[in-house]
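K.L.:
Handing you a structure now.
There are 2 protein chains.
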Amino acid sequence: MDVDLRKVRYFVEVAERLHFGRAAEALHIAQPVLSRQIRALEQELKAQLFVRDKRTTELTPAGRQLLADARPLLAGADALRRRVGRAARGADTFTVGFMPGLIVTSAIRALLTRHPDLDVDTLRTSFADQTDVLRDGRADVSYVRLPIDQRGLRIRPLLTEPRVVVLPADHRLAGKDSIEIADLAAEHLLQDPDAVPEWRDIAEELRTGRRRDEPVVTIVEEKLERVAAGRGIAVFPLSTATFYTRKDIVHVPVADIGPSQVCLAWDSSRRNPLIAEFAAIAEQLALATT
Amino acid sequence: MDVDLRKVRYFVEVAERLHFGRAAEALHIAQPVLSRQIRALEQELKAQLFVRDKRTTELTPAGRQLLADARPLLAGADALRRRVGRAARGADTFTVGFMPGLIVTSAIRALLTRHPDLDVDTLRTSFADQTDVLRDGRADVSYVRLPIDQRGLRIRPLLTEPRVVVLPADHRLAGKDSIEIADLAAEHLLQDPDAVPEWRDIAEELRTGRRRDEPVVTIVEEKLERVAAGRGIAVFPLSTATFYTRKDIVHVPVADIGPSQVCLAWDSSRRNPLIAEFAAIAEQLALATT
DNA sequence: CGGCTGTCATACCCTGGAGGTATCGGGCGA
DNA sequence: TCGCCCGATACCTCCAGGGTATGACAGCCG
Chain A
24 MDVDLRKVRY FVEVAERLHF GRAAEALHIA QPVLSRQIRA LEQELKAQLF VRDKRTTELT
84 PAGRQLLADA RPLLAGADAL RRRVGRAARG ADTFTVGFMP GLIVTSAIRA LLTRHPDLDV
144 DTLRTSFADQ TDVLRDGRAD VSYVRLPIDQ RGLRIRPLLT EPRVVVLPAD HRLAGKDSIE
204 IADLAAEHLL QDPDAVPEWR DIAEELRTGR RRDEPVVTIV EEKLERVAAG RGIAVFPLST
264 ATFYTRKDIV HVPVADIGPS QVCLAWDSSR RNPLIAEFAA IAEQLALATT
Chain B
24 MDVDLRKVRY FVEVAERLHF GRAAEALHIA QPVLSRQIRA LEQELKAQLF VRDKRTTELT
84 PAGRQLLADA RPLLAGADAL RRRVGRAARG ADTFTVGFMP GLIVTSAIRA LLTRHPDLDV
144 DTLRTSFADQ TDVLRDGRAD VSYVRLPIDQ RGLRIRPLLT EPRVVVLPAD HRLAGKDSIE
204 IADLAAEHLL QDPDAVPEWR DIAEELRTGR RRDEPVVTIV EEKLERVAAG RGIAVFPLST
264 ATFYTRKDIV HVPVADIGPS QVCLAWDSSR RNPLIAEFAA IAEQLALATT
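Those sequence lines, one after another, are chains A and B. So the first sequence is numbered by this note's numbering: it starts at 24 and just counts up by one. So the second sequence is numbered by this note's numbering: it starts at 24 and just counts up by one.
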């Protein structure tokens, strides 16, 4: 009848690892149970999801389709749960996500003057999870920096600002007025490469596959700490770079890199009047400050 | 852990009827089972969903929130099921929804020349379900006429065309070059009032509540049959009105009514390259023909 | 080539939850 | 006041989801 979200969640775990035993471990269930549930899911959907040839596990086309659809569905279920829970707790709440370096207080204050009884929360995000918080209901709207995966979201552009590279003060490029992205080909980037697409194309560490697989740091202060220690570089929007000023660090404009585009984003399947209202406020404030 | 979609479906049925007995009947289960499942759902979500005071049932704020979120979630589950089933059947398929009167063959032909192996289907929609087919996965893209509920969708405007009122040939207004919407205040509209927002504001049958509750007809030919029989009027885009020409029917422009805006729409949570490709084709064709 | 290991499937048991029927109890209308 | 409507409660049955033990098969290594 209906798909069983538990089975779908199990499937995602297996599909991501292509290994029943380790997926079962991650799900805290026994491996035979997982095998049986996946089989049951295949029967319910009347579709083979994996090809298992006694040694390796691989996805079928149907499995790939399911994997693509499963994650938004599970996130939607998560969001439903969160929002109902919040509605049950009584007070109207509205949660605004924001990236480090962005100023959101003026918009929130404007919203509060119109809705004095509203309980407005803020939620700090990182580049990696700035859209997840919208899909799983942790935030109602979120200030995001492009590029993002826009699936399931609606966005409104607010402002753009130039991006700079952040270097240790004693770096060979530290004195320059402006550099080009190619000058950084040999450096180690401390952030998600998706955040700087121009760098992807020229980065040596990506081409040679010799990228150190240390976990990507998501906290700005932590990134700056590593930059100062000479362990890598980072590309920030100008406002972020100036906000976190330190003596052992400098920032240099990069001539051939796209600006940082800041947008307001929200889940496109929702229609909460507060969202539209907040979007209008944010847009107006963005216009006023430029 | 995860929400149970079955329980959510049960909840929607009860929330729409505010009556456990009839909801149970519609779901083909016994009433006590339904009562118990709703109670279980309330416990799982830790939220009271209904206030039951021995005679009437009413939704709580949490219940209203759940109702708002439940439908897209269930439609998403439906869509997942459909798309996985299709992927399992093998051949790549792509389904285009369209409203009566819109011509889609040229766009489909263009898509087919680029993807000779693709299996392209068409699906005729009506004003009422033109967006449902996208949300529940019956179609990959759909030509729609505004206004629509844009939640969860992404749309691209294609073209606009004037709208006319369709009248029996012997109607008192039949000879006019142009009329105003107010002239139609006393008429019976044969279609979903949401399709003609300007009419909502002046319609006598809506103001007095004496609207005959005959089911809204969704088939164009059927509407024309009723118009010819003097049982009501209909507002169509010009192309539709000229397409279905009959001797016992005339159409008259309405001066103060917004044009019909035709868009291509698709589910905003998906990223299928074929969707983007088809959107580009449709946009180009729309530009070429104007 | 034989044994070991890793990996998924099978067999079997136990419990909880979803379905059913019968019945209760409180409002409301006649 | 009586009957009716409607949701809740009580109790039964059965299957699905969890567990453990073990089998089957591929690849690896000595």
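Quick reminder that beta carbons are idealized off the backbone N, C-alpha and C, glycines included. Here the structure is a predicted model, which means the values were calculated and not measured.
Decide if His138/B is buried, meaning its Cβ has at least 16 other Cβ atoms within 10 Å, or exposed.
P.N.:
exposed
K.L.:
In terms of residues, what are the limits of the beta strand (DSSP E) holding Thr16/B?
P.N.:
In the structure as shown, chain B starts at 24 and stops at 313, and residue 16/B therefore has no counterpart that could be examined.
K.L.:
Just checking: is the beta-carbon of Val164/A within a distance shorter than 8 Å of some beta-carbon in chain B?
P.N.:
no
K.L.:
For Leu212/A and Leu89/A, what's the separation of their Cα atoms in angstroms?
P.N.:
Leu212/A and Leu89/A have their C-alpha atoms spaced approximately 34 Å apart.
K.L.:
Using a C-beta to C-beta distance shorter than 7 Å, which residues of chain B count as neighbours of Pro84/A?
P.N.:
Ala110
K.L.:
Determine, using beta carbons only, whether Lys270/A comes closer than 8 Å to chain B.
P.N.:
no
K.L.:
For Thr268/A and Ile126/B, I'd like the C-alpha separation in whole angstroms.
P.N.:
60 Å
K.L.:
Residues in the segment 169 to 187 of chain B with C-beta within 9 Å of chain A's C-beta atoms, listed in sequence order?
P.N.:
So the close ones are Asp172, Gln173, Arg174, Gly175, Leu176, Arg177.
K.L.:
What does DSSP give as the partner residue(s) for Arg168/B in the beta ladder?
P.N.:
Val285/B
K.L.:
Restricting to Cα atoms, I'd like to know which of Val156/A, Asp140/A, Ala98/A is closest to Arg147/A.
P.N.:
Of Val156/A, Asp140/A, Ala98/A, the residue nearest in Cα terms is Val156/A.
K.L.:
For my contact list, Ala100/B and Leu28/B are in at a C-beta cut-off of 8 Å; report their separation, rounded to the angstrom.
P.N.:
Between Ala100/B and Leu28/B the beta-carbon gap is near 6 Å, inside 8 Å, which marks them as a contact.
K.L.:
Compare the C-beta of Gln71/A against all C-beta atoms of chain B and say whether one is closer than 8 Å.
P.N.:
Using beta-carbon distances, Gln71/A counts as an interface residue toward chain B, with a partner under 8 Å.
K.L.:
Whole angstroms is fine: what's the gap from Ser283/B's alpha carbon to Pro170/A's?
P.N.:
34 Å
K.L.:
What does a CB cutoff of less than 6 Å around Gly255/B pick up in its chain, not counting 5 residues either side in sequence?
P.N.:
His211, Leu213, Arg249
K.L.:
Buried or exposed, going by whether 16 or more other CB atoms sit within 10 Å of the CB of Ile242/B?
P.N.:
exposed
K.L.:
Suppose only complete runs of 3+ residues qualify. What are the beta strand (DSSP E) ranges in the segment 187 to 270 of chain B, listed by chain order?
P.N.:
257 to 260
K.L.:
Thinking just about the alpha-carbon of each residue, which of Leu182/B, Ser165/B, Ala98/B is nearest to the one in Val143/B?
P.N.:
Ser165/B
K.L.:
Can the beta-carbon of Ile37/A be found less than 8 Å from the beta-carbon of Ile61/A?
P.N.:
A small correction: the amino acid at residue 37/A is Val; Ile does not occupy that position in the sequence shown. Yes, the pair counts as a contact, with Cβ atoms nearer than the cut-off.
K.L.:
I want to verify the contact list: residues of chain A whose CB lies under 8 Å from the CB of Ala93/B, in sequence order.
P.N.:
Leu103
K.L.:
Shortest alpha-carbon distance to Ala330/B belongs to which of Ala197/B, Glu184/B, Glu306/B, Arg168/B?
P.N.:
Any property of residue 330/B remains undetermined from this structure, which presents chain B solely from 24 to 313.
K.L.:
Below 8 Å on C-beta distance, what does Leu316/A contact in chain B?
P.N.:
There is no way to answer for residue 316/A, as the model of chain A reaches only from 24 to 313.
K.L.:
Using only the alpha-carbon positions, how far apart do Ala46/B and Arg40/B sit?
P.N.:
About 7 Å.
K.L.:
Counting C-beta neighbours from all protein chains within 10 Å, is the total for Asp163/B 16 or more, i.e. buried, or is it exposed?
P.N.:
buried
K.L.:
Would you say Leu96/B faces chain A, with C-beta separation under 8 Å as the test?
P.N.:
yes
K.L.:
If you follow the alpha helix (DSSP H) that Phe314/B is in, where does it begin and where does it stop?
P.N.:
What is shown of chain B runs 24 to 313, which leaves residue 314/B out entirely.
K.L.:
Tell me which residue opens and which closes the beta strand (DSSP E) that Thr145/A is part of.
P.N.:
142 to 147
K.L.:
If the cut is a Cβ gap below 7 Å, which residues of chain B does Ala100/A touch?
P.N.:
Asp25, Val26, Leu96
K.L.:
I'd like the span of the beta strand (DSSP E) that includes Phe117/A, first residue to last.
P.N.:
In the DSSP assignment, Phe117/A falls within the beta strand (DSSP E) that extends over 116 to 121.
K.L.:
Is there a C-beta anywhere in chain B that falls below 8 Å from the one on Arg59/A?
P.N.:
Judged by the 8 Å Cβ criterion, Arg59/A is not in contact with chain B.
K.L.:
State whether the segment 194 to 209 of chain A contacts the segment 273 to 289 of chain A, with contact taken as three or more CB pairs (one from each stretch) at a distance under 8 Å.
P.N.:
yes
K.L.:
Between Gln88/A and chain B, is there a C-beta pair that is closer than 8 Å?
P.N.:
yes
K.L.:
Please state whether the Cβ-Cβ distance between Val285/A and Leu207/A is less than 8 Å.
P.N.:
no
K.L.:
Which of the residues in the segment 131 to 148 of chain B, read from start to end, lie with their CB under 8 Å from any CB of chain A?
P.N.:
Going along the segment 131 to 148 of chain B in chain order, one finds no residue with a Cβ nearer than 8 Å to chain A.
K.L.:
Would you report the Cα separation of Arg94/B and Gly124/A, rounded to the nearest angstrom?
P.N.:
37 Å
K.L.:
Given this structure, state the Cα-to-Cα distance separating Val258/A from Gln173/A, to the nearest angstrom.
P.N.:
CA-CA distance, Val258/A to Gln173/A, rounds to 22 Å.
K.L.:
For the segment 290 to 307 of chain B, which residues have a beta carbon sitting closer than 8 Å to at least one beta carbon of chain A?
P.N.:
Ser291, Ser292, Arg293, Arg294
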